[in-house]
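Residue numbers (this note's numbering): 718 to 1402.
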């Protein structure tokens, strides 16, 4: 047997690699080194046939399809979520956790504890998708379901399995884009069709006025709403002010909306002093500029948070000059845009950075609270303040503690951050939307979804007692009454709690078969008077002067109505003297409802004189008791006058335990002196 020799490579084909000879089969079996000759030395020595091994086609090792793996991980995470088991999510960082709630829906951590991290307070990310067993807020993905395969399906394309799941969102985006291109832009639907393109840069104020308006916004508006991240936005505003001809459309719309609300927050004298122009002309000019800027950025189709923020601030600025029903319709557009952006659910916010998710939460709550108030004013019960979404209340943190590059939430330092008012207001509203007494007056069908439902309705104040205690221990005892924001927070929250204790009382005694005792009536009028006292404190304090633009939206109507009803029926009750003093003080702050108040005062005079007693009371009860200012209620004003702070309930026409709203002569109120679109109007600032 002749030896096979390797042929030398052809010089002309230097690029060809020589054929590699493999070890023979016998050497491979014996696991010895083969000299790769034919026959090899080992086979000659063993006297066995030497057979050279042939190269078999390479078969790539079949890997476990990543698509199937991801689906299994998702399934296991959902099981952990339902069982409330903490785990480290595959894709969601701990930043996107939702609040850990106790039986009443609020965290049970110690209110005085400082240095807490947000993920310690808000729990595991699993609760973002489901905050209560059986309550799923994250909808299923149709595109994912359409592209889902069973584990035993044909896996010829398993190597590309990891890309299949990622294509779900891409395919959905392609379809949405196709729908968008089927029709031309219709952004003019809200603000009308423009004959020519407007050069919005000419509508900006001067650079000096831009900075004055920005500072006014920081002082008067931002502390209450907190819907813009001031540290990062300030640099953008400064850069934009230096070149107004080249501003990003969304930022430009946001700047015009800031001009609008800044002017809204000022008094007439301040506008004349700062800008040498009337408040009305400034508002009209900047509102027109905001409309044009919103059209330029395609606000009806945009998913940009700055664009939605600009629309919201614009709607806040037109509240004084727009009737509630029209404004409610416009607000519904903003709410629908927010829902399309997914800022109402924690599953949607989990896709955002820590800063972006937090700003979206603040924006959602501000939008919903404003919508709830406007819905009250036009007697529309189907407000969005309902237990149908799971966006948690904003984090109690300062703006400087949050940065765009953050991967985890900031540490909560103490209990009174610069976002205190927005946080407290949102948490109070979060409690309200999950309360049975509130849903009794808005949408009883949603009560099975509510988190705070109490089954012992006989307990007066049962749903609010634990809430008040929690807020007292967590926030109120740390507030400084000399701090304007703290003062505003304290009295707004106290007015809210008093008002909703009164609402809960109405809910408990709304059925004619349930009779009230004098004790129950005394408790109810105490809540009504607390409402008026809170409003008086807010309207008369110099600390709240920058914030009165918001206070004008919330008039304590239920407190007045309940008080004058009670005084007409029980003019000599133990609370009568105090009630007249409280109403006198609030009357001086609001200058409203004089005729209705004097009707009740006349009833007291008759009763007291019948007892042979003299009437004495401190305060200006007799001020303005003139018949010539009385006027009948305007036609078409609305079906329900009983509306107030942060909720959509109404009580007009309900008869509870002998107190009928129709017992009060509403037509004799001082309607002449009241502008219902502003409550009160600009002339009373």
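Note that the Cβ used here is the ideal one computed from N, Cα and C, for glycine as well. Since the model is a prediction, treat every value here as computed from it, not as a measurement.
For a quick check, are the C-beta atoms of residue 806 and residue 794 less than 8 Å apart?
Going by C-beta atoms, residue 806 is nearer than 8 Å to residue 794.
Can you tell me where the alpha helix (DSSP H) holding residue 1279 begins and where it ends?
Counting along the chain, the alpha helix (DSSP H) containing residue 1279 begins and ends at 1274-1286.
Whose C-beta lies closer than 6 Å to the C-beta of residue 760 among residues of the same chain, with five residues either side of it excluded?
Excluding sequence neighbours, residue 760 sits near 743, 767.
Between which two residues does the alpha helix (DSSP H) holding residue 1239 run?
It spans 1235-1257 - the alpha helix (DSSP H) in which residue 1239 sits, taken as one unbroken run.
Can you name, in chain order, every residue of its own chain whose Cβ lies under 6 Å from the Cβ of residue 1103, other than the five neighbours on each side?
The answer, listed in chain order, is 1150, 1163.
Which partner residues does residue 741 have in the DSSP bridge list?
Its beta-bridge partners are 769.
Would you kindly report the start and end of the unbroken alpha helix (DSSP H) that includes residue 996?
That run of the alpha helix (DSSP H) goes 996-1013.
Quick one: residues in its chain with C-beta nearer than 8 Å to the C-beta of residue 1295, no 5 flanking neighbours on either side, listed in chain order?
1246.
How long is the line joining the alpha carbons of residue 745 and residue 1123, rounded to whole angstroms?
When rounded, the distance between both Cα atoms is 58 Å.
How many whole angstroms separate the CB atoms of residue 1252 and residue 1303, which I take to be in contact at a CB cut-off of 8 Å?
Sure, about 6 Å apart at Cβ, within 8 Å.
CA-CA distance, residue 1056 and residue 1025?
Distance between the alpha carbons of residue 1056 and residue 1025 is about 11 Å.
Closer than 7 Å by C-beta to residue 1157: which residues in its own chain qualify, once you throw out the five before and the five after it? Chain order, please.
Answer for residue 1157: 1224, listed in chain order.
With three or more C-beta pairs closer than 8 Å as the rule, is the region 957-964 touching the region 1280-1291?
The region 1280-1291 is not in contact with the region 957-964.
Taking contact to mean 3 or more Cβ pairs, one atom from each stretch, closer than 8 Å, check whether the region 922-935 and the region 972-986 are in contact.
The region 922-935 is in contact with the region 972-986.
Out of 908, 1182, 1117, 802, which has the shortest C-alpha to C-alpha gap to residue 1219?
If we check each option's Cα against that of residue 1219, 1182 comes out closest.
Can you tell me the Cα-Cα spacing of residue 1126 and residue 1023, whole angstroms?
Near 22 Å, if we compare the C-alpha coordinates of residue 1023 and residue 1126.
Beta carbon of residue 917, beta carbon of residue 1059: below 8 Å?
No.
Any heavy atom of the ligand ATP within a distance shorter than 7 Å of the CB on residue 1000?
Ligands in the displayed structure: none, and consequently the ligand ATP is not present.
DSSP three-state call for residue 1266: helix, strand or coil?
Residue 1266: helix per DSSP, three-state reduction.
Here's a check: name, in chain order, each residue in its chain whose Cβ is nearer than 6 Å to the Cβ of residue 1365, leaving out the five neighbours to either side.
Annotation note: pLDDT 38 at residue 1365 (below 50); position unreliable, coordinate value reported separately. Excluding positions up to five away in sequence, the list reads 1089, 1092, 1093, 1098, 1100, 1159.
Among 1226, 1198, 1138, whose alpha-carbon lies nearest the alpha-carbon of residue 1259?
That would be 1198, whose Cα lies nearest to the Cα of residue 1259.
Around the Cβ of residue 1065, are there at least 16 other Cβ atoms within 10 angstroms (buried) or fewer (exposed)?
Under this definition residue 1065 is a buried residue.
Determine the closest residue to residue 927 out of 999, 949, 1233, with distance taken between C-alpha atoms.
Per the Cα distances, 999.
The alpha helix (DSSP H) with residue 985 in it runs from where to where?
Residues 985-992.
Around the C-beta of residue 1117, are 16 or more other C-beta atoms found within 10 angstroms, so that it is buried, or is it exposed?
Burial call: exposed.
Just verifying my parser: in three-state terms, what is the DSSP assignment at residue 1018?
The answer is coil: DSSP assigns residue 1018 none of H, G, I, E or B.
Of all the options 756, 741, 749, which has the alpha carbon lying nearest to the alpha carbon of residue 771?
It is 741.
Check whether the Cβ atoms of residue 1137 and residue 1062 sit closer than 8 Å, and answer yes or no.
No. Outside cutoff.
Which same chain residues, not among the five before or five after residue 1054, have their C-beta less than 7 Å away from its C-beta?
For residue 1054, where only same-chain residues beyond five positions count, the Cβ hits under 7 Å are 1025.
What residue from 908, 966, 1003 has the CA that sits closest to residue 922's CA?
With distances taken between Cα atoms, residue 922 lies closest to 1003.
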